[in-house]
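Residue numbers (our numbering), protein chains in the order written: chain A, 9 to 351; chain B, 2 to 189. Working notes, beginning with the structure itself.
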Amino acid sequence: MSESYFDALEQQLAGLCRKRAHRRAWSVRALGIGSRASVRLHRGGIVAMVGSVGVVVVVAGLALGLRHAKPPPGGGPPTAGGAAGISQRQRQAAQPYLQAAIRPAVTASCASLASVRGPVSYGVPEEALLALLGVLRRPREPSDLPPAGPGSHQSIPVWARGSYVRYIRRARVVAGISYYVVPVINAGQLNATCAAQAQQRLRRELPTIPGTLRGVVWKLGEQQLARLGPHQGTILVESGPNIGAGFGGAPASDIKRFGILGIDGTRHGARLVGLLPDGVATVQIVYPAADREGGSSKPFSITAPVINNVMVCNVPLSARAAMRGKMIWHAPNGTIIRTIDQH
Amino acid sequence: MARSLDRERWSDAELLAAVVVGDEVAFTVFYRRYLAVVIAFLLRETSDREATADLCAEVFSAVMLAAARYRDVGPAGPWVLGIARNKLRASRRRGRIEERARRRLGFEPLPLSEADLDEVAALARQGGEHLVGVLEGLPVHEREAVRARVLGERSYEQIAVDLSCSEMVARKRVSRGLARIRARLEEP
């Protein structure tokens, strides 16, 4: 029996769908389009959340949902590898495949951070982190000892559990709020077994993914799993009267590229806090004019100093709108080190 | 074993993103999701089964070409029907069935049998029930506004006059109605 018109239509269009993607992939390669680095910020960083009393907003992920990092002027390649050559469109297209393969692994039974993290370490964090954050290299001072909270265990606040406790540093005190830089032993969301299972699942699914996207999905999948799996990370904790929140969980490589940014606030005003690598003297945040997501009626920018690797500034926007700024890192001599754009 | 890449569960936006990179399975799922609705709309407008089948091929070819431009996150029903409406309008204007998208794709013409024409009618009934069901479920003023805008291709100004309301209210009713349709098309 011959197939119906609509079956034949489906088959022909499906075939054209595949051929068209192949043709376009070749023409893009020939033109060199998409070779410019575009780095997506990872959103999966843990948020170690601790509350003394009223807990504020916690940012689930790094750096305000910023998506692209532009390399510094001068045309140099991005600092860390892996993402170069992957266009934003490829990233978008890869997401459903990545989610389908990796999401099942992110379950309660797979979580390596059961309730709150484990015992503290009296050891030394990885060299890459110490080399990146000057505040961790300075000698320990009495003020670095975090205040013991009501949920403390052996005089260690809940948020300090699982950390390299000798390397916790109070970087700044702003308006009565202390900002602690806390290196943690494991900031991953998955234990090693589950991360390996997710990788196997991804490998198994590769043949069903269009050839033009297979390499991209594999590369991005490995990056995601590296971030989800066990790894050392750093949390920026703010602690004060009626406030307690933690941001980040990023590994050193991500801090180098994006820093850690967190936000808390209400509809009327937000406070941005950030952890930046050595060499960043000021951070300028540029906001566009309001769009349907809200914001200010005119574009404006805010510049905040970075002291002891930590930046704190208030933004007269709702927390949601405050997340949409473009962040520019400046060196002490004013040159631009890096621009991180959310668009 | 459960298939982790079961595209039936993917949203329209995810399917269209996959279509852009050449995922033929994703295209097939999307095609089957909207075939009946598109046919119901086209047959209702043309009352011609052959033209409906022909235009349907053109609409899904255009969907493939435009997939990269789909930016919405909700169901793509209104977007697909918008493409169908544009193709219909272009065909009427030129006095022949539009085929630009198919030409761009290098589409080979398909033979159409009497059985296929019967299938058009059957699919139209199936899709029509879905469409009518969704439309009938809207509040009266939104239903009239959506019907006038999407199916009747009337301007907001004309709709405002027909419904005795301001243009802004007409826009709001269409927008709310479409949002409700999106939500209902999303329901399994």
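We put the beta carbon where it would ideally sit given N, CA and C, even for glycine.
Close beta carbons around residue i, own chain, < 7 Å, minus the five adjacent residues each side
i                      : result
residue 168 of chain A : 128, 154, 176, 190
residue 316 of chain A : 143, 179, 180
residue 152 of chain A : 176, 177, 178
residue 150 of chain B : 160, 175
Which of helix, strand or coil DSSP assigns to residue i
i                      : result
residue 105 of chain A : helix
residue 246 of chain A : strand
residue 194 of chain A : coil
residue 287 of chain A : coil
residue 178 of chain B : helix
residue 124 of chain B : helix
residue 32 of chain B  : helix
residue 110 of chain A : helix
residue 323 of chain A : strand
residue 98 of chain B  : coil
residue 343 of chain A : coil
residue 176 of chain A : coil
residue 270 of chain A : strand
residue 24 of chain B  : coil
residue 54 of chain A  : Caution applies to residue 54 of chain A, whose pLDDT of 33 falls short of 50 and renders its modelled position unreliable; the value that the coordinates give is listed next. It is coil, neither helix nor strand.
residue 217 of chain A : coil
residue 82 of chain A  : Legend: pLDDT at residue 82 of chain A = 35, less than 50; position of this residue unreliable, value from coordinates given subsequently. Here residue 82 of chain A sits in coil by DSSP.
residue 134 of chain A : coil
residue 147 of chain A : coil
Short CB-CB distance (under 8 Å) between residue i and chain A
i                      : result
residue 129 of chain B : no
residue 29 of chain B  : yes
residue 60 of chain B  : no
residue 169 of chain B : no
residue 117 of chain B : yes
residue 23 of chain B  : yes
residue 107 of chain B : yes
residue 20 of chain B  : yes
residue 11 of chain B  : yes
residue 89 of chain B  : no
residue 99 of chain B  : no
residue 5 of chain B   : Its pLDDT being 40, under 50, residue 5 of chain B is placed unreliably in this model, and the value from its coordinates should be taken loosely. Yes, residue 5 of chain B counts as interfacial toward chain A.
residue 43 of chain B  : no
residue 63 of chain B  : no
residue 179 of chain B : no
residue 32 of chain B  : yes
residue 111 of chain B : yes
residue 36 of chain B  : yes
residue 145 of chain B : no
Residue i at chain B interface by Cβ criterion, 8 Å
i                      : result
residue 12 of chain A  : yes
residue 201 of chain A : no
residue 20 of chain A  : yes
residue 168 of chain A : no
residue 26 of chain A  : yes
residue 215 of chain A : no
residue 16 of chain A  : yes
residue 23 of chain A  : yes
residue 204 of chain A : no
residue 221 of chain A : yes
residue 100 of chain A : yes
residue 218 of chain A : yes
Sequence-distant residues of its chain with Cβ nearer than 6 Å to residue i (five each side left out)
i                      : result
residue 286 of chain A : 142
residue 98 of chain A  : 224
Residues that residue i bridges to, as DSSP identifies them
i                      : result
residue 310 of chain A : A:293
residue 86 of chain B  : For residue 86 of chain B, which the question treats as bridged, DSSP gives no partner whatsoever.
residue 331 of chain A : DSSP output for residue 331 of chain A lists no bridge partner at all.
residue 256 of chain A : A:243
residue 338 of chain A : A:290, A:344
residue 279 of chain A : A:272, A:322
residue 182 of chain A : A:185
residue 129 of chain A : A:172
residue 315 of chain A : A:318
residue 251 of chain A : A:248
Spatial neighbours of residue i in its chain, beta-carbon cut-off 8 Å, leaving aside the 5 residues before and after
i                      : result
residue 279 of chain A : 271, 272, 273, 320, 321, 322, 323
residue 307 of chain A : 294, 295, 296, 297
C-beta neighbour in chain D for residue i, strict 8 Å
i                     : result
residue 67 of chain B : Considering every chain present, this structure includes no chain D. Its protein chains are A and B.
The stretch 63-82 of chain B in contact with the stretch 108-120 of chain B per 3-pair CB rule at 8 Å: no
Inter-stretch contact (C-beta, 8 Å, three-pair minimum) for the stretch 7-21 of chain B and the stretch 87-105 of chain B: Between the stretch 7-21 of chain B and the stretch 87-105 of chain B there are fewer than three inter-stretch CB-CB distances shorter than 8 Å, so the stretches are not counted as touching.
Segment contact flag, the stretch 235-254 of chain A with the stretch 186-205 of chain A, C-beta cutoff 8 Å, min 3 pairs: yes
Given 8 Å, three or more beta-carbon pairs between the stretch 200-213 of chain A and the stretch 260-276 of chain A: no
Contact between the stretch 19-33 of chain B and the stretch 325-338 of chain A (3+ Cβ pairs under 8 Å): no
Cβ pair count under 8 Å reaching 3, the stretch 120-135 of chain B against the stretch 40-47 of chain B: yes
Meets three-Cβ-pair contact criterion under 8 Å: the stretch 91-98 of chain B and the stretch 50-61 of chain B: yes
Inter-stretch contact at 8 Å, needing at least 3 Cβ pairs: the stretch 101-108 of chain A / the stretch 215-227 of chain A: yes
Contact the stretch 160-169 of chain B vs the stretch 134-146 of chain B: 3+ CB pairs below 8 Å: In the pairwise beta carbon analysis, the stretch 160-169 of chain B is classified as touching the stretch 134-146 of chain B: at least three pairs are separated by under 8 Å.
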